[in-house]
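What follows is a single structure, written as C-alpha cells, with notes after it.
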Amino acid sequence: MSGPSTYEPKSGFTRWLDKRLPIIRLGYDSFVAYPTPRNLNYWWTFGAMLSMCLVVQIVTGVVLAMHYVPHIDMAFASVQRLERDVPYGWLIQNIHAVGASMFFLAVYIHMFRGLYYGSYKAPRELLWILGCVIYVLMVATGFLGYTLPWGQMSFWGATVITNLLGALPIVGESIKNWLSGGFSIDQPTINRFFSLHYLLPFVIAGVVALHVWALHEAGQGNPTGVDVRKASDIPAGEPGDTVPFTPHATMKDLFAAVLFVILFATFVFFMPDALGHADNFIPANPLQTPPEIVPEWYLLPFYAILRAIDFNIGPIDSKLGGVLAMFAAIGVLFVLPWLDTSRIRSMRYRPIARQFFLIFVVVCVILGWCGGQNPGKILVPATFSATLEWVEGGTVTQSPVRAEGEAQWAQAAADAQASQSGAAMTAVTRTSATEGTLRAINGGAVQTRTVTGGTVDELEAAVTEAKAAVGQAAPFFNVTRNTPFTFTVTTLSQIATFYYFFFFLVLLPLLGLRETPGRVPDTIAKPVTKQAQGAA
Amino acid sequence: MADAKTIEAHGDDSTRRDFIFIAAGSVAAVGVGATVWPFIDQMNPAADTRALSTTEVDLSAVELGQQIKVMWQGKPVFVRHRTGEEISAAQRDDFANLKDPQSDADRLLQEDGQPGRPEWMILQASCTHLGCVPTFVDGSQYGGWFCPCHGSDYDTSGRIRRGPAPRNLDVAPYLFTGPTAIRIG
Amino acid sequence: MLRALTLAAALTVASVGAAFAAGDAEHPHDHAFSFDSPVGSYDMGAVQRGYQVYQQVCSTCHAMDHLAYRHLGERNGPFALYMVRNHETGEVEPHVGAPAHGGSFVDVTENQYVRAIAAGVTINAVDPNTGQLTDRPGRISDRFRRPFPNEIAARASNGGAYPVDLSVITSARHGGADYIYALLTGYTGQSRGTLYENPYFPGHYIAMPPPLTEGAVAYSDGSPTTVEQYAADVTHFLQWAADPHMEQRKRTGIVVLAFLLVLAGLMYLSYKHVWRNESH
Chain A
16 MSGPSTYEPK SGFTRWLDKR LPIIRLGYDS FVAYPTPRNL NYWWTFGAML
66 SMCLVVQIVT GVVLAMHYVP HIDMAFASVQ RLERDVPYGW LIQNIHAVGA
116 SMFFLAVYIH MFRGLYYGSY KAPRELLWIL GCVIYVLMVA TGFLGYTLPW
166 GQMSFWGATV ITNLLGALPI VGESIKNWLS GGFSIDQPTI NRFFSLHYLL
216 PFVIAGVVAL HVWALHEAGQ GNPTGVDVRK ASDIPAGEPG DTVPFTPHAT
266 MKDLFAAVLF VILFATFVFF MPDALGHADN FIPANPLQTP PEIVPEWYLL
316 PFYAILRAID FNIGPIDSKL GGVLAMFAAI GVLFVLPWLD TSRIRSMRYR
366 PIARQFFLIF VVVCVILGWC GGQNPGKILV PATFSATLEW VEGGTVTQSP
416 VRAEGEAQWA QAAADAQASQ SGAAMTAVTR TSATEGTLRA INGGAVQTRT
466 VTGGTVDELE AAVTEAKAAV GQAAPFFNVT RNTPFTFTVT TLSQIATFYY
516 FFFFLVLLPL LGLRETPGRV PDTIAKPVTK QAQGAA
Chain B
34 MADAKTIEAH GDDSTRRDFI FIAAGSVAAV GVGATVWPFI DQMNPAADTR
84 ALSTTEVDLS AVELGQQIKV MWQGKPVFVR HRTGEEISAA QRDDFANLKD
134 PQSDADRLLQ EDGQPGRPEW MILQASCTHL GCVPTFVDGS QYGGWFCPCH
184 GSDYDTSGRI RRGPAPRNLD VAPYLFTGPT AIRIG
Chain C
4 MLRALTLAAA LTVASVGAAF AAGDAEHPHD HAFSFDSPVG SYDMGAVQRG
54 YQVYQQVCST CHAMDHLAYR HLGERNGPFA LYMVRNHETG EVEPHVGAPA
104 HGGSFVDVTE NQYVRAIAAG VTINAVDPNT GQLTDRPGRI SDRFRRPFPN
154 EIAARASNGG AYPVDLSVIT SARHGGADYI YALLTGYTGQ SRGTLYENPY
204 FPGHYIAMPP PLTEGAVAYS DGSPTTVEQY AADVTHFLQW AADPHMEQRK
254 RTGIVVLAFL LVLAGLMYLS YKHVWRNESH
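Quick note, the sequences are listed as chains A, B and C, same order.
Once you know that position 36 of the first sequence is 51 in my numbering, the rest is easy, because the numbers rise by one and skip nothing.
Once you know that position 160 of the second sequence is 193 in my numbering, the rest is easy, because the numbers rise by one and skip nothing.
Once you know that position 158 of the third sequence is 161 in my numbering, the rest is easy, because the numbers rise by one and skip nothing.
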C-alpha cells in the first residue's frame, strides 16, 4: 500500500485481533484511508460498479444453479419452470441475464477510460494486463453461460464458437472435440459448460483481487495523468493532492452506482428480453440452424472482425485468418503498454492522439453494428448495368462445337467463335462438358440496349423485360453484365478492422514519437486551483 | 466551492448533514432489505411443487385386510382397509394404558372434522421416532405396525404401544370425495 | 463472350440467393394490445377467451408443454378465483379474476373452475394399479395435454410439418404478439399444394391452413365471433402464457424505479456534503 498504515485499533478486541489477523487494518488501509486523487471524474466510478456487477452475477447465479438442470432434455424446461413457478424466479433470472449485458457495458466504459487516460502506462502495466485477463475470463464466462438455457442461439452459438477453434491447423479438430466432449455440442458439453460457468466467476474474483492489489500498489491514475505528490512534498497551507477513499470516493461511487442500477432496473423490469434474441426461446434443435446467428451485443465487434476476413492471406485461409484476427484484436490489448510510446499519460494533453482515439471509439461502435448485420448487405447504392446485343435480320447458322476434354472447352469455344470472324454476332451454348452449339448470324443490323438496376435482382428483372420487349425480332441475345464495386457491410467491417489494428500497431507507436503534446500541469492541483478560482 | 471555514461556522449545518446521511442510509437499508427477500423466498417450494400437495386415491382396488402405500408430498401414506377384527381391537383399546391417549374414532376424523369410516385408516407412514417406514407384520404384538429400525410397536389404530417412538402415527389429512375415493392433503 | 456466360451463371446463382432473401416476410402492423405500454396489463377477459380458442382450435395440433392447468388459476392467471363480499346481500361470493378491491385469493387447488377445466381434458397417463397407459380425467397439476406423443407423430399427422410448441411463442418470434396476430389474420386465401400464402410468414407460404373461421368458437360473453376477435384473443392468451408475471414485473418495476430515484437524490446530497470542503 502507499505509505505506512495509519490504522489504530480502538477497542480491546480490535487490538487483540490486529495482533493475530490484521484484517480490519487491511480493510481500513485499502478502502478507508487509501489516498484517492481528488480530481477523479465520473469515468472513475465504473470500477466500483464492476465489483457490484460481479457480486450480483455470482449471487443470482448461485440461486439459478439451485433450479437449473444441465441436461439437454431438461435445461430449457428448467429455465421455464424457474421463470414460471419458482418464487421470484422470473426476477432473479432477468437480473442474471440483463446483468451480463450491464457487466459488459461497464467493463467497456472502464476500458475506454483506461485507454483515454493512459491508465496502462508505467507503473500500471500489470494492472492493465490483469484487467485484460479479467475481460477474457468474462468473455469466456459469458459464452459458457449463454449456452446453458439451451435455446437455438445457445446451441448454434456454441457450435460456431467451438468450430472457430477447429480452424487452428493440425490440433484444431482435437481441441474442438476435447472441449465439447464429443463430435458435436451435446450432453457432455452442457454438463461441463455448466461446471465451468460456475467456476470461472470465482477465478474472476481472484484476478479482481490481484487487480485491486496492483491498483493499490501503484495508486490510482487521474484525468491529468500527473503523479500525485507525497504528503511531504506539499507546501504548508496547501491541501494535499489526495483525499481519503472513504467517505469521498465511496460516496461518489455509491451515487454513480445508484444511477447505474436505475438503468439496470429499467431493463430488468420493462424490457428484460430486449438485449437477447428471440431465437433463444426456441429449444435447441441440432437439425436446423436459425436463419441468422448473432452473438450477444457485447461480442458483436469481434464477430465483425471475424467475418471481415473473407479472403485468403498466403497460406492462411480466410477462416483461420478471421479467427486469428479476432483473437489478435483482444491479444493486442495485452501488449498495449509497450505499443504506446508517448511519455504523456492523459490524452487530454495529446491533441492529435485524442482525435484518433475518438475515431477509434466510433470504429468500435461501427464494428459492433456490422457484427449484427447481414454481411452481404449493400450500404452505398450501386448501379448494376447490362448491355444487350442482338441482330435484326440476317441469317442464323448453327454448327456443333467439340472439345477434347473438359479442360479444353474454353479454348474450343473461343476458337469456334473466332472462326466466324465475318459474322455480326456469335454465341456458344454449352450442352455438356465437352459439347456445345455455335450459332452465328451473318448480315443484319446489330442493335444494343443498356439496362440498369440497383441490385442484382433488379438488373435481372430489367434484362428479362428488355428481352421480352425485343421479342421475336432477335434470334438470340448476347448479354454483357457489368458488376460494379459494391460497398457492403463486409467492406465497412474491413475498413473498421483495418483502423482497429492501425490504431494500436501504427498510430500509437508513431504518434508517441512525433506528436507535440500540449502543456501538462506540474501537479494535479494546478488545474484544480484554477477551476476553484473560476467557480469562486 | 466557497471557503470551507464559513460553511463550518453555520451551526445547523452538521444537523442537516446528519439528517441527509441518516436518510440516505435508512433508504438504502430498506432497499437492501427488500432485495434480500426474493433471494430467500426462491428457496420455498415452487408453484409446481405446491400444486402436487394433494393426492387422489381410488379405494375400490384395496381389498379387505389389505393396505396400499401412496405418495403424498413425496412421503408415503398408508391407506389400510381394516377388517372387523382390527376395528374392534382398536376400539377395545381406546381405554387401555396408552402412551399418547387418543380414541380410534378421533383418529378416523376427516380433514373437515366429519367422522371417518372405521374400515379406512389413513396414516402417515413414518415412525414418530426417527422417520423409518413401519411394516404391517405379525411381529407386532398389537396386531398393527412394527418399525424395524428401533422396534416401535403400533396397534391397528396406529397408536404407539411399545418402543422408543413418542407419539402415535400421524393421521394424514384426508377427505372422502366419493363412496370409494379420498383426497389426501 | 465466354466471360459473359460465366458471369451470367455466377449472377444466376447470386440471384437465386437474392430471391430467397426477397421472400422476406412482411413487417407486421402494430396491433394495439392492452399489455403494450410499460404500465400496460392483461385484459383477462381476452386471455380467458383466448384460452377457449386455443383449447378448441389450436390445441388439436399445437402443444404448450410448459403450461399446466393450475397456471390458469394462479394469482396472475385468467381464472384466478377470489372470494368477494357482495355489498348488497352481504354474502361472500366467488369471483373469477382479481376484484377491484378486497377479496381473498382462493388457492388454485380449491379453484372449482380450473378443476373443471382440467377434468374436462383426457390425459394419457400410467394407471397406478395396472402400470399400463390409460386415459384419465386431467388434474390441475397436469401439463396441457399434448396433441401428439412426440415430434415424429406430429410430423406424420401434418404432412411433414411440425406444429411448434406455443408456450413461449410470442417471445420466440420477432415482432412478438403483433407477428402472431398478423399471421393469424394475414392469409390471402391463395394456396400452393398444401402450403398457404401468408405474407407475414418468412417465405410467404406456411404449412398451417388458416386456423380460424368466423363463428368457429362460441363465446359466452357476447364478444364478436370474428376471425379478428379470435386472433386478438388467442394472441392475448399466448402473450400471457409466455410472460405470465408481466403485471407483477411492471408493478414492481415502477416501485423500484421510484425508490431508486429517491435514493439517487439522497445519495447525491450525501456526496455533495462529503465533498463540500474539498476542491476537485
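Idealized CB from N, CA, C, for every residue including glycine.
Just so it is clear, the structure is predicted and the values come from calculations on it, not from any experiment.
Per-residue contacts from residue i into chain A (C-beta, under 9 Å)
i, result
"E281/C", "R53, P254, V258, H263"
Alpha-carbon spacing of residue i relative to residue j, whole angstroms
i, j, result
"T88/B", "N114/C", "16 Å"
"A180/C", "H239/C", "8 Å"
"A448/A", "A460/A", "33 Å"
"L152/A", "I374/A", "27 Å"
"Y22/A", "R40/A", "6 Å"
"L97/B", "T116/B", "6 Å"
"N127/C", "R142/C", "12 Å"
"W405/A", "L394/A", "34 Å"
"I257/C", "H98/C", "28 Å"
"Q75/B", "D294/A", "27 Å"
"T356/A", "E188/A", "40 Å"
"S523/A", "G386/A", "In the sequence as displayed, the identity of residue 523/A is Leu instead of Ser. Going by the C-alpha atoms only, they are around 25 Å apart."
"P19/A", "D44/A", "9 Å"
According to DSSP, residues forming a beta bridge with residue i
i, result
"L453/A", "S414/A, V443/A"
"Q157/B", "V110/B"
"Q100/B", "R113/B"
"Y226/B", "Because chain B in this structure spans residues 34 to 218, residue 226/B falls outside the shown range and cannot be described."
"G86/C", "Here residue 86/C is Met; the residue named in the question, Gly, does not match the sequence. The partner list for M86/C (beta bridge, DSSP) reads P97/C, S107/C."
"P259/A", "P50/A"
"P181/B", "None; P181/B has no bridge partner."
"A401/A", "V466/A, R496/A"
"A128/C", "T137/C"
"I557/A", "Lying before the first or after the last residue shown, residue 557/A is absent from chain A, which here runs from 16 to 551."
"R216/B", "E89/B, L208/B"
Other residues of its chain near residue i: CB distance less than 8 Å, five sequence neighbours each side excluded
i, result
"S185/B", "C160, T161, H162, P167, F179, I193, R195, G196, P197, A198"
"L79/A", "L97, I107, Q108, H111"
"A220/A", "L69, I73"
Beta-carbon neighbours of residue i, restricted to chain C and to distances below 7 Å
i, result
"F54/B", "S273"
"M60/B", "Here the sequence assigns Val to residue 60/B, which means Met is not the residue at that position. Those are V265, L266, L269, listed as they occur along chain C."
"F50/B", "This sequence places Arg at residue 50/B; Phe is not what is there. Per Cβ cutoff of 7 Å: H276."
Residues that residue i contacts on chain C, provided the C-beta gap is smaller than 8 Å
i, result
"Q95/A", "H69, S170, V171"
"V276/A", "L263"
Nonlocal neighbours in the same chain, by C-beta distance under 6 Å from residue i, ignoring five residues either side
i, result
"I172/C", "L241"
"Q108/A", "L97, E98"
"P490/A", "V411"
"S116/A", "L290"
"N327/A", "S333"
"P24/A", "R30, D33"
Contact set for residue i: own chain, Cβ-Cβ below 7 Å, skip 5 residues either direction
i, result
"R244/A", "D256, T538"
"Y57/C", "V237, F240"
"A344/A", "F317, I320, Y515"
Beta-carbon neighbours of residue i, restricted to chain C and to distances below 9 Å
i, result
"F492/A", "By Cβ distance, chain C contributes nothing, its closest Cβ being about 10 Å from F492/A, past 9 Å."
"L85/B", "S144"
Chain-ordered chain B contacts of residue i [CB-CB under 7 Å]
i, result
"D294/A", "By Cβ distance, chain B contributes nothing, its closest Cβ being about 26 Å from D294/A, past 7 Å."
Chain-ordered neighbours of residue i on chain B, where CB pairs are closer than 8 Å
i, result
"M132/C", "First, the amino acid is wrong: residue 132/C is Asn here, not Met. Here the neighbours are D91, A94."
Partners in chain B for residue i, counting only beta-carbon separations shorter than 9 Å
i, result
"V338/A", "What V338/A touches in chain B: nothing, since even the nearest Cβ is about 40 Å away."
Does the stretch 143-150 of chain C come within contact of the stretch 54-71 of chain C, defined as at least 3 CB pairs closer than 8 Å?
-> yes
Stretch pair the stretch 395-408 of chain A + the stretch 164-173 of chain A: three plus CB contacts closer than 8 Å | no
Take every Cβ of the stretch 228-246 of chain A, pair it with every Cβ of the stretch 117-133 of chain A, and state whether three or more of those distances are shorter than 8 Å.
-> yes
Cβ contact (3+ pairs, closer than 8 Å) linking the stretch 77-96 of chain C and the stretch 260-274 of chain C = no
Does the stretch 200-209 of chain A touch the stretch 74-93 of chain A, meaning 3 or more C-beta pairs lie closer than 8 Å?
-> yes
Using a beta-carbon distance cut-off of less than 8 Å, what residues from the stretch 89-116 of chain A approach chain E?
-> Among the protein chains in the structure shown, which are A, B and C, there is no chain E.
Is the stretch 182-198 of chain C touching the stretch 31-47 of chain C in the sense that three or more CB pairs, one from each, lie closer than 8 Å?
-> yes
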